[in-house]
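Everything on this sheet refers to the single structure shown next.
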Amino acid sequence: MALRRLSFRLRQTVAPVRPLHGSGCGQQLDAVGMETRPETFSIFRTQENDPACQSEQHLGQYYTVPPSHFHTVFPHGLPPRYQQQVKTFNEGCVMVRQPALELISHLKRADYSKPTLRYLLYGMKGSGKTMSLCHTVHYCSTQGWLVLHIPDAHLWVKNCKELLPSSYHASRFDQPIQASNWLRNFRTTNEHFLSKIKLRQRYVWTKRESTEEGRPLGELVDMGVSRVKSSSDVVGAVLKELRLQAGGTEGGFRLAVAVDGVNGLWGRTTLKKEDKSPVLIHLYIHSPLTVDL
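Taking numbering that gives the first Met the number 0 as reference, the numbering of the sequence shown is continuous, increasing by one, and the terminal residue is 292.
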């Protein structure tokens, strides 16, 4: 009888202690887990995904680009290795870098009534110049700017698939395939502008084909995409219209021209004529890169 009472007392005293001890450890572990997870997440990422609202407190952190923006803002322009990472992880993040923040701050404070402003991103290879430029392009797009993006200027002066004498100027050369691809991406990026911007002059392509004054800019772009032979001339006409109308008081818009690898425009080309002689840069194509924007 005494043994049964002793065992009962032991069960009463020992049994409550074990769950208390175990639950205390569990609570401590859960508390540690709850504290460290958000802290680790905030070190490498920022919840501020709007480039216009980012500041120096977000430096070195990654912000997430919405998937829909990859198709509209960046149909071209992103580095191939970065595109592969986006496809692999099904997510795209961009690091907030000091040059991009500085450039965006200048764009916010600029006086657009004055002549065209030009900014240059420079640095060592692999330092993030292309992604800083893409970060700035993303800002301009979210602010309702019309973006004219040249993703790699070297492609216009090297490794050309097709080079033809220009129909506009006898001493120049056209790259119709490159021009058509660029127009297609330009249409994707600025589709909401193409119906609003009206042509200010008439463009004659052949004896039977012309684009009349007052027609939407999108009609001109569509023609360049569908008729590859005239695509280089269409690019020149599009840039001329943008230059005339950008920043105007009546139905004006802000225009951002972003060129990656701009130094390629002052180097040697690998383009050759039919007689295998090199094409000089000042006799280069009737393309976006030869128009002074």
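The C-beta atom is built at its ideal place from N, Cα and C for all residues, glycine as well.
Short of 7 Å from the beta carbon of P50, and not among the five residues preceding or following it, lie these beta carbons of its own chain, in chain order: I103, H134, H137, Y138, T141.
For the options V220, D259, V258, P277, the alpha carbon positioned closest to that of R267 is the one of P277. The C-alpha of A169 is placed about 31 Å away from the C-alpha of A255. Under the DSSP assignment, L243 falls in the alpha helix (DSSP H) whose first and last residues are 230–244. Judged by their CB atoms, K197 and G213 are nearer to each other than the 8 Å cut-off.
Three or more beta-carbon pairs separated by less than 8 Å link the segment 88–105 to the segment 53–62, which places the two stretches in contact. The Cβ atoms of A257 and H105 lie no closer than 8 Å to each other. Around the CB of P150, 16 or more other CB atoms lie within 10 Å, so the residue is classed as buried. The residues C133, in chain order, have a CB closer than 7 Å to that of F73 in the same chain once the five nearest residues on each side in sequence are set aside. Boundaries for Y118: no alpha helix (DSSP H) harbours it, and the DSSP string shows neither H nor E there.
Under the three-state reduction of DSSP, R207 is assigned to coil, being neither helix nor strand. Residue environment: F88 is assigned as exposed (fewer than 16 neighbouring CB atoms within 10 Å of its CB, all protein chains considered). In this structure, DSSP gives K272 a state outside helix and strand, which the three-state scheme calls coil. In this structure, G235 lies near Y167, with their beta-carbon atoms less than 8 Å apart.
The distance from the Cβ of L120 to that of K128 is about 5 Å, consistent with a contact at the 8 Å cut-off. F252 is positioned such that its CB atom lies closer than 8 Å to that of F192. Non-local beta-carbon contacts of A178 in its own chain, meaning distances under 6 Å to residues more than five positions away in sequence, involve S230, S231, V234 in chain order.
Per DSSP, Y81 is one residue of the alpha helix (DSSP H) stretching across 79–88.
Rounded to the nearest whole angstrom, the C-alpha separation of P114 and E101 is 20 Å. In the three-state reduction of the DSSP assignment, L154 falls in the helix class. Cβ-Cβ distances below 7 Å link S131 to R96, P98, A99, L120 in the same chain, with the five nearest sequence neighbours on each side left out; the list follows chain order. Within the model, the alpha-carbon separation for L77 versus V146 is close to 15 Å. Rounded to whole angstroms, the separation of the alpha carbons of A152 and H68 is 23 Å.
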